[in-house]
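Structure record follows, encoded as structure tokens.
Protein chains in written order, with my numbering: chain A, 15 to 258; chain B, 12 to 150.
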């Protein structure tokens, strides 16, 4: 929690709402917020209550954005562009190419995009993955490329669409951000489908590297370092509100 | 147009009229009826009181403010009055039953951001425009 407006200012009159009054107020505020109803998130199991990467990132973004709400054109506002809705998607399924030493190596991530609201325009989308220094590839330059899995084929390699390429050192540590905005049109058209993203790592001389050996952390990483997708939308104004 | 409202009492002596005793247009400018001039007041919306802290991550509430007060002639520069509000206030002086005073309303609003979980436990940050009163004025 936190941020502005943590507690009512002193001297502000307060009154407990009655049950019906509370329901009415809730319904009206939800309509203003553009929500059809109150979200009912599932309580996470006790073991997974440690801070996860996506919520931590979103909280940082909230603090940057909340400080910005007063003024137009402030730094965070520029960083977010024209977006007024940001959604994070946790990695649902992860697959590695499990063919021993056969190249090329890759790692595939799937995200459930069914919650993307209708009528929103995607302004940007990022895949974020944490990298620890690689002990296997000291001082090597690595190229990390990201593809969208457009179509899976039973008898041959899946159809892929190139999204982004980043170059880094094997010893680097931190969040690697890959631009996956180009895949957004496809999500909006086929929102019932999971988003499949495939990640390849190569050395400068073109040899494929196992992403795990390159230090890229996947689903088995600590919760605060697990990969996720963050998407920036330009929302249509309160589409759910009905005229009165 | 305002002149007919002035009913000057013949001066008994050389004393100057007291500003706060002048009839007509200065009567209820600064709360002579116990009402304050148009300004911003505190209004806190508590997500905690709404029982929403299981899905709203931040904030727990926010100051939305509201505008209240008199918009009486003459409208000070601090009242952010529109030209129309000034004219309406003048007309109100002459026809108080037919034309009301200008309204005290928000002149500047700002956004507020809400961080919450959706039903699939995705974390969503949404910026809602025009949720907080930054300034009030006479409209």
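Don't be surprised by glycine CBs; every beta carbon is placed ideally from N, CA and C.
All figures in this text were calculated on a predicted structure; none of them were measured in a lab.
Go to residue i, then tell me how far its beta strand (DSSP E) extends in each direction, as first and last residue.
i	result
residue 122 (chain A)	121-125
residue 144 (chain A)	135-145
residue 104 (chain A)	99-104
residue 11 (chain A)	Residue numbering for chain A in the displayed model covers 15 to 258; residue 11 (chain A) lies beyond these limits and cannot be assessed.
residue 57 (chain B)	55-57
residue 176 (chain A)	173-183
residue 191 (chain A)	188-193
Apply the 10 Å Cβ neighbour rule to residue i and answer buried if 16 or more other Cβ atoms are within range, or exposed otherwise.
i	result
residue 88 (chain B)	exposed
residue 43 (chain B)	A caution first: residue 43 (chain B) carries a pLDDT of 45, below 50, which makes its placement in the model unreliable, though a value can still be read off. Residue 43 (chain B) is exposed by the Cβ-count criterion.
residue 139 (chain B)	buried
residue 46 (chain A)	exposed
residue 33 (chain A)	exposed
residue 246 (chain A)	buried
residue 109 (chain B)	exposed
residue 33 (chain B)	Any reading at residue 33 (chain B) is ruled out, since the residue's pLDDT is 33, under 50, leaving its predicted position unreliable.
residue 135 (chain B)	buried
residue 65 (chain A)	exposed
residue 150 (chain B)	buried
residue 7 (chain A)	No information on residue 7 (chain A) is available, as it lies outside the stretch 15 to 258 that chain A covers here.
residue 169 (chain A)	exposed
residue 131 (chain B)	exposed
residue 71 (chain B)	buried
residue 57 (chain A)	exposed
residue 86 (chain B)	buried
residue 51 (chain B)	buried
residue 73 (chain A)	buried
residue 111 (chain B)	exposed
residue 105 (chain B)	exposed
residue 133 (chain B)	buried
residue 137 (chain B)	buried
With the cut-off set at 8 Å, would you say residue i and residue j are in Cβ contact?
i	j	result
residue 113 (chain B)	residue 100 (chain B)	yes
residue 244 (chain A)	residue 140 (chain A)	yes
residue 241 (chain A)	residue 232 (chain A)	yes
residue 143 (chain B)	residue 123 (chain B)	yes
residue 146 (chain A)	residue 210 (chain A)	no
residue 182 (chain A)	residue 161 (chain A)	no
residue 222 (chain A)	residue 184 (chain A)	no
residue 248 (chain A)	residue 96 (chain A)	yes
residue 126 (chain A)	residue 208 (chain A)	yes
residue 40 (chain A)	residue 144 (chain A)	no
residue 225 (chain A)	residue 77 (chain A)	no
residue 150 (chain A)	residue 213 (chain A)	no
residue 193 (chain A)	residue 177 (chain A)	yes
residue 189 (chain A)	residue 142 (chain A)	yes
residue 3 (chain B)	residue 94 (chain B)	Outside the shown range of chain B, which is 12 to 150, sits residue 3 (chain B), and nothing can be said about it.
Can you tell me which of the three DSSP states residue i falls into?
i	result
residue 166 (chain A)	coil
residue 157 (chain A)	strand
residue 68 (chain B)	strand
residue 132 (chain B)	coil
residue 242 (chain A)	strand
residue 116 (chain B)	strand
residue 146 (chain B)	strand
residue 248 (chain A)	strand
residue 49 (chain B)	coil
residue 78 (chain B)	strand
residue 109 (chain A)	strand
residue 234 (chain A)	coil
residue 148 (chain A)	coil
residue 41 (chain B)	Its pLDDT being 47, under 50, residue 41 (chain B) is placed unreliably by the model, and nothing is read from it.
residue 88 (chain B)	helix
residue 123 (chain B)	strand
residue 24 (chain B)	Because the pLDDT at residue 24 (chain B) is just 43, under 50, the model does not fix this residue reliably, and the value given afterwards should be weighed accordingly. Coil, per DSSP.
residue 83 (chain B)	coil
residue 139 (chain B)	strand
residue 110 (chain B)	coil
The alpha helix (DSSP H) spanning residue i covers which residue range?
i	result
residue 33 (chain A)	33-46
residue 101 (chain B)	94-105
residue 63 (chain B)	Per DSSP, residue 63 (chain B) belongs to no alpha helix (DSSP H) and is neither H nor E.
residue 200 (chain A)	198-203
residue 76 (chain A)	67-80
Looking at C-beta atoms only, is the number of pairs between the region 46-63 of chain B and the region 78-92 of chain B that lie closer than 8 Å three or more? The region 46-63 of chain B vs the region 78-92 of chain B: in contact.
Report yes or no: do the region 118-137 of chain A and the region 150-158 of chain A share at least 3 C-beta pairs separated by less than 8 Å? Taking a contact to require three or more Cβ pairs closer than 8 Å, the region 118-137 of chain A and the region 150-158 of chain A do not qualify as touching.
Three or more beta-carbon pairs under 8 Å between the region 121-132 of chain A and the region 95-105 of chain A, yes or no? Verdict: yes, contact present.
Answer yes if the region 58-75 of chain B comes into contact with the region 126-140 of chain B, meaning at least three C-beta pairs across the two stretches below 8 Å, and no otherwise. Contact between the region 126-140 of chain B and the region 58-75 of chain B is present: 3 or more CB-CB pairs across the two stretches fall below 8 Å.
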